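First residue of the sequence shown: 786, per this note's numbering; consecutive thereafter.
The beta carbon of each residue, even a glycine, is placed where N, CA and C say it ideally should be.
Everything numeric in this text was worked out from a predicted model, so none of it was measured.
Have a look at the structure below, then the notes.
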Amino acid sequence: MSDNLTRLSATDLIEVYRSRKVSPVDVCEAVLGRIAETQDSLNAFVTVDGEGALAAARNSEARWRAGEPRGLIDGVPTSIKDLLLAKGMPTLRGSLSVDREQSWNEDSPAAARLREHGAVILGKTTTPEFGHKAVTDSPLSGITRNPWDPDKTPGGSSGGAAAAVAAGMGPLAVGTDGGGSIRIPSSFSGIFGIKATFGRVPSYPGTPNSSVSHVGPMTRTVADAALMLTVLSEPDWRDWYALPHDGTDYRANLEEPLSGVRVAYSPTLGMGDVAIDAEVRASTYEAAKTFEDLGATVEEANPFWPHEPGEVFGVHWAMGAAALVASMPAEKQVLLEESLLRSAEAGRGLDGLTVKRAEMARVADGLALAEFFEHHDLILSPTLPVPAFKAGQQIPSEAYAENPLSWIPYTFPINLTRNPAASVPCGFTATGLPIGLQVIGPLFGETMVLRACRTYEEANPCHQSWPKL
786 MSDNLTRLSA TDLIEVYRSR KVSPVDVCEA VLGRIAETQD SLNAFVTVDG
836 EGALAAARNS EARWRAGEPR GLIDGVPTSI KDLLLAKGMP TLRGSLSVDR
886 EQSWNEDSPA AARLREHGAV ILGKTTTPEF GHKAVTDSPL SGITRNPWDP
936 DKTPGGSSGG AAAAVAAGMG PLAVGTDGGG SIRIPSSFSG IFGIKATFGR
986 VPSYPGTPNS SVSHVGPMTR TVADAALMLT VLSEPDWRDW YALPHDGTDY
1036 RANLEEPLSG VRVAYSPTLG MGDVAIDAEV RASTYEAAKT FEDLGATVEE
1086 ANPFWPHEPG EVFGVHWAMG AAALVASMPA EKQVLLEESL LRSAEAGRGL
1136 DGLTVKRAEM ARVADGLALA EFFEHHDLIL SPTLPVPAFK AGQQIPSEAY
1186 AENPLSWIPY TFPINLTRNP AASVPCGFTA TGLPIGLQVI GPLFGETMVL
1236 RACRTYEEAN PCHQSWPKL
């Protein structure tokens, strides 16, 4: 029975709570049991607050018995990536440089919205140090592993969140995405993840890379992500970048057909000669054909980038790393991982004119993509050109050593342009590793992205497969 409880979606849980067939306490205990069973092998959590979660579940149980649930996700087990503040739990950001012994008395906007809607917060999921890379290992918590094959990485930087959802350690997880950090681990771990339009989900406190960073849902199903995005997108005055809250319920219109939707299938996303794994290419090509079968008008077309996005992103990311490291005293800097220090060193070597040119190039690339969306409603691409690789490695192979961004060519450009983008499972390799399809929408088009992913998910329900733990 407990195994069945850990496989229920958030949407299903709300229904069984309402019917009083299952208690939030039963579900919380089952999920905490799953965490205990898998933590040593997967290492998805850096902090588990079992007592706090059970207390929240008991309060939720009382509200459901009284017929007075709080908000949209009352009693649903949820985790928060350890880059985001959550009251009562340390936020260590994967780093030995953060002092655990301090007052942790503030919620990030995401944590605050979750509490307001009655979520049962389980704890904090693992991240690489300050989320600075696309795999999940850190000096603080070590290596996080993929539930589909613990010898493989779940991706990063929201790798702990992805591993938790994939393994049944709570149906909802909050991730962050500064260059693909929701979509990369969603693809490698066989779950759904979406970053909405920049500013749609409030974020606080700001970081040196706030201008490319997003907060968003990571779930097994599109319906759960739509539910969660409805919660997370509620307003918070502390985010200076936030879009005006428009009250959208992202669960609405999920079932609308794709008839007449104009889709560009872009196997390279216009990023040049990308080396794509044959199984990834075949799986994403079949996904594009499925969209056509579902009534969309699909053509192969690539966006044009006036400026090479890797160079533009590299400047933004290096400057952020330099500012981050410069904010720390020398005795903290020596505790940082070498790869983060190298990024900071690269940022310190940039002059102001180079930085300003990168900012202007970002605008030009964003305008070019906006023009592309004048003729298309959605873009489909692989989320990643490769399946998951060995845990502990930073890149798939030495072929990527010269340009580490070359194995994530489809994700970071969409952080520069601010567009909504999701990764939805579309298949598996012959060895059983998940493959993700990236679905990109126009600015402010997350409703269209969710609708398309939901329709595709129903036609190709990869999310119904579970790893054999």
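| Query | Result |
| --- | --- |
| Of the choices Ala1060, Asn994, His1092, whose alpha-carbon is the least far from that of tryptophan 1192? | Ala1060 |
| Are the beta-carbon atoms belonging to alanine 1143 and valine 1097 less than 8 Å from one another? | yes |
| Is aspartate 1024 closer than 8 Å to proline 1272 when the C-beta atoms are compared? | Residue coverage of the chain in this structure runs from 786 to 1254, which leaves residue 1272 outside it and unanswerable. |
| Roughly how many angstroms lie between the CA atoms of serine 888 and proline 990, to the nearest whole one? | 15 Å |
| Name the DSSP bridge partner or partners of glutamate 1048? | In the sequence under discussion, the amino acid at residue 1048 is valine, which differs from the glutamate named in the question. Paired residue(s): Val1083, Leu1163. |
| If distances are taken between C-alpha atoms only, which option among Ser1182, Glu914, Leu1012 comes closest to leucine 1121? | Glu914 |
| Is there contact here, the region 912–932 with the region 892–904, by at least three beta-carbon pairs under 8 Å? | no |
| Tell me, which residues are paired with serine 864 by DSSP? | Gly908, Ala958 |
| Among Asp859, Ser880, Asp834, which has the Cα closest to the Cα of lysine 872? | Asp834 |
| Is it true that the CB of threonine 791 sits closer than 8 Å to the CB of glycine 945? | no |
| What's the C-alpha gap between methionine 786 and glutamate 901? | Model confidence at methionine 786 stands at a pLDDT of 46, short of 50, so the residue's coordinates are unreliable; what they give is reported in the following sentence. For methionine 786 and glutamate 901, the distance between alpha carbons rounds to 29 Å. |
| Below 8 Å on the Cβ atoms is my guess for arginine 978 versus glycine 960; work out the distance and round it to an integer in Å. | According to the sequence displayed, residue 978 carries glycine and not arginine. Their Cβ separation, rounded to whole angstroms, is 6 Å, which keeps glycine 978 and glycine 960 in contact under 8 Å. |
| Enumerated in chain order, which unbroken segments of the alpha helix (DSSP H) with a length of 4 residues or greater are wholly contained in the region 789–862? | 795–803, 809–827, 835–850 |
| Beta-carbon separation of lysine 980 and aspartate 962 under 8 Å? | yes |
| Give the single residue among Leu1012, Arg968, Ser972 whose Cα lies nearest to the Cα of serine 998. | Arg968 |
| Is it buried or exposed for arginine 850, if we count other Cβ within 10 angstroms and need 16 for buried? | exposed |
| In chain order, which beta strand (DSSP E) runs of at least 3 residues are fully inside the region 1202–1229? | 1206–1213, 1219–1225 |
| Could you check what DSSP says for glycine 978 in three-state terms: helix, strand or coil? | strand |
| List the endpoints of the continuous beta strand (DSSP E) containing proline 1002. | 999–1004 |
| Express the C-alpha separation of arginine 803 and glutamate 1187 in angstroms, rounding to a whole number. | 55 Å |
| List, from N- to C-terminal side, the beta strand (DSSP E) runs of 3 residues or more that fit wholly inside the region 1003–1027. | none |
| Could you pull out every unbroken alpha helix (DSSP H) segment of at least 4 residues lying fully inside the region 1091–1141, listed in chain order? | 1094–1111, 1115–1118, 1123–1133 |
| Identify every residue that forms a DSSP beta bridge with serine 934. | The question names serine, yet the displayed sequence has aspartate at residue 934. Note: aspartate 934 sits in a beta bridge opposite Asn931. |
| Take isoleucine 865 as the anchor and find which of Lys806, Ala841, Thr929, Ala949 has the nearest alpha-carbon. | Ala949 |
| Residues in the same chain with beta-carbon distance under 7 Å from threonine 1214, minus the five sequence neighbours each way, listed in chain order, please. | Glu1064, Pro1172, Ile1220 |
| Between the beta-carbon of alanine 1129 and the beta-carbon of valine 1110, is there less than 8 Å? | yes |
| Please report the distance separating the alpha-carbon of serine 1166 from that of serine 1051. | 5 Å |
| Decide if threonine 1139 is buried, meaning its Cβ has at least 16 other Cβ atoms within 10 Å, or exposed. | exposed |
| Tell me, please, whether the region 855–863 touches the region 808–821 by the rule of three or more beta-carbon pairs shorter than 8 Å. | yes |
| Using three-state DSSP, classify alanine 1037 as helix, strand or coil. | coil |
| Would DSSP call lysine 1074 helix, strand or coil? | helix |
| Nearest by alpha-carbon distance to glutamate 1084: which of Leu798, Lys1074, Lys1141 is it? | Lys1074 |
| The alpha helix (DSSP H) that contains valine 1171, what's its start and end? | Note, valine 1171: premise wrong, no alpha helix (DSSP H); not H, not E. |
| I'd like to know whether the C-beta atoms of threonine 1069 and cysteine 1211 end up nearer to each other than 8 Å. | yes |
| Nearest-angstrom Cα distance between aspartate 884 and alanine 1107? | 20 Å |
| Is valine 1209 closer than 8 Å to leucine 1222 when the C-beta atoms are compared? | yes |
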